[in-house]
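**Student:** Have a look at this one.
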Amino acid sequence: MRRRLLSPWLTVRAQFVLAAFFVVAGIAKVTDPPGFAHEIHNYALLPAALINPMALVLPWLEIVAGVAMFLGIATQTTARILAFLLVMFIGALSTNLARGKPVDCGCFGGPAVPKTAAERLFEMKLAIARDVGLLLLAGQILASQREELRRR
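Residues are numbered in our numbering as their position in the sequence shown, beginning at 1, plus a constant of 74.
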């Protein structure tokens, strides 16, 4: 079972899924920096002075890390960066969920249609579950890389 979970076949697919997710999410944010800054502001987790810099830097970090993952460049480092981002996103969503404060994820830009608070709270739970799944993929990549290094 362990060999299957750490197989290169699975690792390549995990890399592709993570890469695609972060590149698409990053592009959506890069195209609307003010909208993404507004989403970050809604989380109420950062000082005002950090919101705009975060809105400008984070999408590019997602895109560069996603492209690096897709190309297999510094895979272990890239997987760690993406895992860190996922933990950060899970923490931000979970904090607001615990507060009972509905926020739009902001992962792929703002919502096209206004949503009720109940709909946004439910979508936050789905986003947390999705991000946990993506975090497991990053873990699989890291474990596979460690196994490969151990074999050498």
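For glycine and all other residues, C-beta sits at the position ideal for the given N, C-alpha and C.
#1: Is the CB-CB distance between L80 and A217 below 8 Å?
#2: Could you give the C-beta distance for D205 and I164, rounded to a whole number, given that I count them as a contact under 8 Å?
#3: Would you report the Cα separation of P121 and F110, rounded to the nearest angstrom?
#4: For G180, which three-state DSSP category applies?
#5: Helix, strand or coil: how does DSSP classify A217 here?
#6: Just how far apart, CA to CA, sit Q214 and F158?
#7: Helix, strand or coil: how does DSSP classify V141 here?
#8: Under a Cβ-count criterion, where at least 16 other Cβ atoms within 10 Å of its own Cβ denotes burial, should M143 be classed as buried or exposed?
#9: If you reduce the DSSP assignment to three classes, tell me which class D205 lands in.
#10: Closer than 8 Å is the cut-off here; do at least three beta carbon pairs connect the stretch 171 to 183 with the stretch 103 to 119?
#11: Report buried or exposed for F95, applying the criterion of at least 16 other Cβ atoms within 10 angstroms of its Cβ.
#12: For L84, I'd like the list of residues in its chain whose CB is within less than 8 Å of its CB, leaving aside the five on either flank, ordered along the chain.
#13: Using 8 Å as the threshold, is the C-beta distance between A212 and L145 below it?
#14: Quick check on the DSSP output: what are the complete alpha helix (DSSP H) runs of length 4 or more inside the stretch 80 to 110, in order along the chain?
#15: Looking only at its chain, what residues have a beta carbon closer than 6 Å to the beta carbon of F182, apart from the 5 residues adjacent to it on each side?
**Tutor:** Taking the coordinates as given:
#1: yes
#2: 5 Å
#3: 15 Å
#4: coil
#5: helix
#6: 14 Å
#7: helix
#8: buried
#9: D205 falls in the helix class under three-state DSSP.
#10: By the Cβ test, the stretch 171 to 183 is in contact with the stretch 103 to 119, since at least three Cβ pairs between them sit closer than 8 Å.
#11: By the neighbour-count rule (16 or more Cβ atoms within 10 Å), F95 is buried.
#12: R78, Q214 and S218
#13: no
#14: 82 to 104
#15: Closer than 6 Å at Cβ, skipping near neighbours: A99 and A102.
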